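Numbering (the working numbering), first residue to last: 5 to 215. Beta carbons are placed, not taken as given, at the ideal position from N, Cα and C, and that holds for glycine. Computed from a predicted structure; not experimentally measured.
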Amino acid sequence: MSIVERPSYTSKDVEVTSRESLFRGFIQVEKVSLRHRLFNQTEYTHVLQRELIHRPEAAGVLLYNDQRQQFALIEQFRVGAINDPDSPWQLEVIAGVLDGDETPESCIRRETLEESGCIVNHLHHLFSFYPSAGACSELFHLYAAETNLPAEGGVFGMPDEGENILLHLFDYSEISTLLSQGRLRNAPVIMALQWLSQHITTIIKSDEVGR
Numbered sequence: 005m006s007i008v009e010r011p012s013y014t015s016k017d018v019e020v021t022s023r024e025s026l027f028r029g030f031i032q033v034e035k036v037s038l039r040h041r042l043f044n045q046t047e048y049t050h051v052l053q054r055e056l057i058h059r060p061e062a063a064g065v066l067l068y069n070d071q072r073q074q075f076a077l078i079e080q081f082r083v084g085a086i087n088d089p090d091s092p093w094q095l096e097v098i099a100g101v102l103d104g105d106e107t108p109e110s111c112i113r114r115e116t117l118e119e120s121g122c123i124v125n126h127l128h129h130l131f132s133f134y135p136s137a138g139a140c141s142e143l144f145h146l147y148a149a150e151t152n153l154p155a156e157g158g159v160f161g162m163p164d165e166g167e168n169i170l171l172h173l174f175d176y177s178e179i180s181t182l183l184s185q186g187r188l189r190n191a192p193v194i195m196a197l198q199w200l201s202q203h204i205t206t207i208i209k210s211d212e213v214g215r
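Here is the structure:
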């Protein structure tokens with residue numbers, strides 16, 4: 005079995021010696037002391053100290069419509085990008101954190117209605133991944149959904165939660181420019197648009213075969 009199919013080690017190959025809570029709020033921060041296996045050796049590392057940021061699981065979705073050849077992205081202020089040389093206002097896919105034992109699909113349907121006014125039915129799972137596994141436990145579930153897009157963008161969000169979200173509609177022809185000009189600065193939106201590019205190519209090839 006190859007490394008692609010199975011990881012070299014599992015969580016059983018990590019020995020946690022202590023955990024200390026440093027901060028508890030919307031996010032939580034822990035100081036973790038641990039040892040882990042070394043590649044091609046029987047020994048473990050010496051005791052390492054790592055700061056671990058805990059965030060809830062999150063889910064996001066790229067809304068698109070093949071008939072109109074358009075997709076939707078949102079723009080909003082992000083404190084994590086406050087020092088970005090271009091702008092703290094980031095272009096993103098619609099996303100949110102899971103509420104309690106909520107499923108990713110339920111989270112997406114709720115967030116999509118709040119942030120775009122759209123209703124999604126059929127969701128296509130793309131990837132589940134750790135955006136920053138070097139320090140953060142957050143697991144992000146990325147989806148795509150073909151849906152009826154509004155005629156134009158607008159301002160959405162939950163004002164009582166401090167949300168002020170601008171919905172943008174883009175043509176398929178703008179994907180290449182968005183991916184190449186550096187305006188996109190977060191992983192989910194880049195991954196989603198790369199998937200959409202492949203999806204469009206598949207549609208074109210299918211149309212050519214059907215002719």
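- Hey, residue 86 and residue 92: beta-carbon distance below 9 Å or not? Within the sequence shown, residue 86 is the residue found at index 82, counting from 1. Within the sequence shown, residue 92 is the residue found at index 88, counting from 1. Against a cut-off of 9 Å, the Cβ pair of residue 92 and residue 86 comes out as a contact.
- Item | Separation of residue 68 from residue 153, as counted between CA atoms | Within the sequence shown, the letter at position 149 stands for residue 153. Within the sequence shown, the letter at position 64 stands for residue 68. Approximately 7 Å between the Cα atoms of the pair.
- Query: Looking at C-beta atoms only, is the number of pairs between the region 159-177 and the region 104-124 that lie closer than 8 Å three or more?
  - Reply: yes
- Shortest alpha-carbon distance to residue 192 belongs to which of 95, 11, 39, 26? Numbered from its first residue, the sequence shown carries residue 192 at position 188. From the listed residues 95, 11, 39, 26, the smallest Cα separation to residue 192 is found for 95.
- Query: Does the beta-carbon of residue 112 have 16 or more other beta-carbons within 10 angstroms, so that it is buried, or is it exposed?
  - Reply: To locate residue 112, count along the sequence shown from 1; it is residue 108. A residue is called buried once 16 or more other Cβ atoms fall within 10 Å of its Cβ, and residue 112 is buried on that count.
- Message: Here's a check: name, in chain order, each residue in its chain whose Cβ is nearer than 8 Å to the Cβ of residue 31, leaving out the five neighbours to either side.
- Response: Position 27 of the sequence shown holds residue 31. Same-chain partners within the cutoff: 57, 58, 59.
- Task: Answer yes or no: do residue 55 and residue 36 have a C-beta to C-beta separation smaller than 9 Å?
- Result: Your numbering for residue 55 matches position 51 in the sequence shown. Your numbering for residue 36 matches position 32 in the sequence shown. Contact flag set, yes.
- Query: Should the region 141-157 be regarded as contacting the region 179-187, the criterion being three or more beta carbon pairs within less than 8 Å?
  - Reply: no
- What is the rounded straight-line gap between the Cα of residue 205 and the Cα of residue 63? The residue you call residue 205 lines up with position 201 of the sequence shown. The residue you call residue 63 lines up with position 59 of the sequence shown. Their backbone Cα atoms lie some 26 Å apart in a straight line.
- Item | Opposing strand residues paired with residue 69 [DSSP bridges] | As a first step, residue 69 is located in the sequence shown; it is residue number 65 there, counting from the start. DSSP output for residue 69 lists 74 as bridge partner(s).
- Task: Name, in chain order, the residues that DSSP records as bridge partners for residue 140.
- Result: Counting from 1 along the sequence shown, the entry for residue 140 is found at position 136. According to DSSP, residue 140 bridges with 57.
- Cβ-Cβ distance between residue 90 and residue 189 below 9 Å: Along the sequence shown, one-based indexing puts residue 90 at 86. Along the sequence shown, one-based indexing puts residue 189 at 185. Cβ distance < 9 Å, so residue 90 and residue 189 count as in contact.
- Message: Assuming the contact rule is C-beta atoms closer than 8 Å, residue 173 and residue 74 should be a hit. Round their C-beta distance to whole Å, please.
- Response: Within the sequence shown, numbered from 1, the residue matching residue 173 stands at position 169. Within the sequence shown, numbered from 1, the residue matching residue 74 stands at position 70. About 5 Å separates the two Cβ atoms, so the contact holds.
- Message: Only counting the same chain, and skipping five residues up and downstream in sequence, which positions put a Cβ closer than 8 Å to that of residue 126?
- Response: Sequence index remark: in the sequence shown, residue 126 carries index 122 (1-based). Exclusion of the five residues before and after residue 126 leaves 149, 150 as the residues of its chain whose Cβ lies within less than 8 Å of its Cβ.
- Query: Is residue 197 closer than 9 Å to residue 78 when the C-beta atoms are compared?
  - Reply: Locating residue 78 in the sequence shown gives position 74, where the first residue counts as 1. Locating residue 197 in the sequence shown gives position 193, where the first residue counts as 1. It is not a contact, given that the beta carbons lie outside the stated cut-off.
- Query: How big is the Cα-Cα spacing for residue 43 and residue 49?
  - Reply: Here residue 43 is taken as the residue at index 39 of the sequence shown, counted from 1. Here residue 49 is taken as the residue at index 45 of the sequence shown, counted from 1. Between the alpha carbons of residue 43 and residue 49 lies a gap of roughly 10 Å.
- Query: Beta-carbon separation of residue 76 and residue 122 under 9 Å?
  - Reply: Counting from one through the sequence shown, the residue named residue 76 turns up at place 72. Counting from one through the sequence shown, the residue named residue 122 turns up at place 118. Yes. Within cutoff.
- Can you check DSSP and say which residues form a bridge with residue 43? What you label residue 43 is simply residue 39 of the sequence shown in a count that begins at 1. DSSP output for residue 43 lists no bridge partner at all.
- Item | Proximity winner among 195, 65, 201, relative to residue 177 (alpha-carbon distances) | Here residue 177 is taken as the residue at index 173 of the sequence shown, counted from 1. Cα-wise, what sits closest to residue 177 is 201.
- Counterpart residues of residue 169 in DSSP-defined beta bridges: Translated into the one-based positions of the sequence shown, residue 169 becomes position 165. DSSP output for residue 169 lists 160 as bridge partner(s).
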